[in-house]
Amino acid sequence: MPTQPMPIGPLLALGILFSYTALCISLYVLAYRCHPRTKGSQLAELTMKLPPRSRTFRVLFVVTTLSDLVRYFGPTAISFSKNSGFDVHVLVIEPRTTVNCPEKNCGMLITDAMSISASNVTFAWNEHFHEKEFSVGHAEALAELCLSHILQRGIDVVVTYDSEGVSGSFLQPLLHASFILLQKENQLSRNVALYALGSVCALRSIIGLYDIPFAYIFGFNVISVPADLLKLHKLFYLSTDLSQIMAYFILLFNSYFLCNSLSRIDSLSYFEDLNI
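Spelled out as structure tokens, the structure:
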């Protein structure tokens with residue numbers, strides 16, 4: 021009786037699995053060789069750059085909407101909030117009419133999702149900033165608001181948007197311009213470190229590379245840890261107009277496939293480019 025030929029399917033599956041495993045190992049080795057600083061995390065480097073203090077460093081996230089805090093700033097905010105050397109503050113600037121959940125509930129959700137106290141979550145309801153075309157007057161108003169917040173809380177690090185923003189809102193580049201204005205007029209202490217956020221796509225948790233994201237290969241400075249999806253999902257869903265299923269999958273993608281890249285805000289050229 022002739023022997024049955026071995027099925028091709030299992031062999032093909034084993035071959036694909038072997039190739040995938042070899043690829044993952046190769047990428048891991050490549051990432052390690054390109055950026056071997058596994059112990060010197062970006063948070064530690066950022067701490068070393070700041071002036072020595074006897075207390076913890078206070079980090080302020082300035083965002084236009086609550087959904088931005090989770091959707092775009094999530095990995096960085098979680099990293100800071102879980103580090104004992106940092107005290108996280110949040111300043112949300114948005115019209116009251118655009119929020120889907122009441123101020124009290126939003127504050128409770130944020131404090132439940134991150135290691136911050138309720139007193140560190142501030143909502144600045146500004147009804148003035150609806151105009152699509154902003155001027156130097158708008159930048160000055162936002163700069164005054166942010167400066168008072170920084171001085172009252174003794175902020176050491178500020179994280180906000182870059183000159184282009186992340187979601188097309190005119191308020192986001194305006195916030196960036198307001199901090200450039202503070203620098204230009206020397207109203208902000210040099211001890212306050214300003215950082216702009218850029219969202220960087222990088223494969224992270226597919227093969228468990230939480231400490232060496234692939235973004236390092238491309239030269240990005242990444243501050244990122246896995247987010248607690250169950251705690252953040254409710255906040256993201258209530259602070260957006262998306263359906264619950266869509267909000268969950270967007271948050272899932274951002275938490276596992278996006279890393280945050282921070283760059284110092286120290287160039288006055290942005291301000292001239294805005295022509296204000």
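For the sequence shown, the working numbering begins at 21 and goes up steadily by one.
C-beta: ideal position from N, C-alpha, C; glycine also.
Nothing here was measured: the structure is a model prediction, and the numbers come from that model.
Residue nearest to residue i in terms of C-alpha spacing, selected from the options
i: residue 163; options: 112, 176, 131, 200; result: 200
i: residue 135; options: 100, 161, 169, 165; result: 100
i: residue 84; options: 204, 211, 270, 190; result: 190
i: residue 157; options: 93, 98, 198, 82; result: 198
i: residue 127; options: 86, 98, 96, 180; result: 86
Beta-carbon spacing of residue i, residue j below 8 Å
i: residue 167; j: residue 207; result: yes
i: residue 176; j: residue 213; result: yes
i: residue 110; j: residue 89; result: yes
i: residue 182; j: residue 196; result: yes
i: residue 144; j: residue 113; result: yes
i: residue 193; j: residue 184; result: yes
i: residue 91; j: residue 270; result: yes
7 Å CB neighbourhood of residue i in its chain, flanking five on each side removed
i: residue 202; result: 163, 167, 208
i: residue 131; result: 137, 138, 141
i: residue 67; result: For residue 67, the predicted structure reports a pLDDT of 44, less than 50, and the residue's modelled location is therefore unreliable. A value from the coordinates is still provided. Closer than 7 Å at Cβ, skipping near neighbours: 77, 105.
i: residue 165; result: 144
Opposing strand residues paired with residue i [DSSP bridges]
i: residue 267; result: Bridge partners of residue 267: none, in fact.
i: residue 360; result: This structure cannot speak to residue 360, because the chain is shown only from 21 to 296.
i: residue 108; result: 79
i: residue 113; result: 144
Neighbourhood of residue i by C-beta distance below 6 Å, restricted to the same chain and skipping five residues each side
i: residue 107; result: 76, 78
i: residue 178; result: 80, 214
i: residue 161; result: none
Same chain, Cβ closer than 8 Å to residue i, five either side skipped, listed in chain order
i: residue 93; result: 81, 83, 179, 217, 280
i: residue 172; result: none
i: residue 174; result: 78
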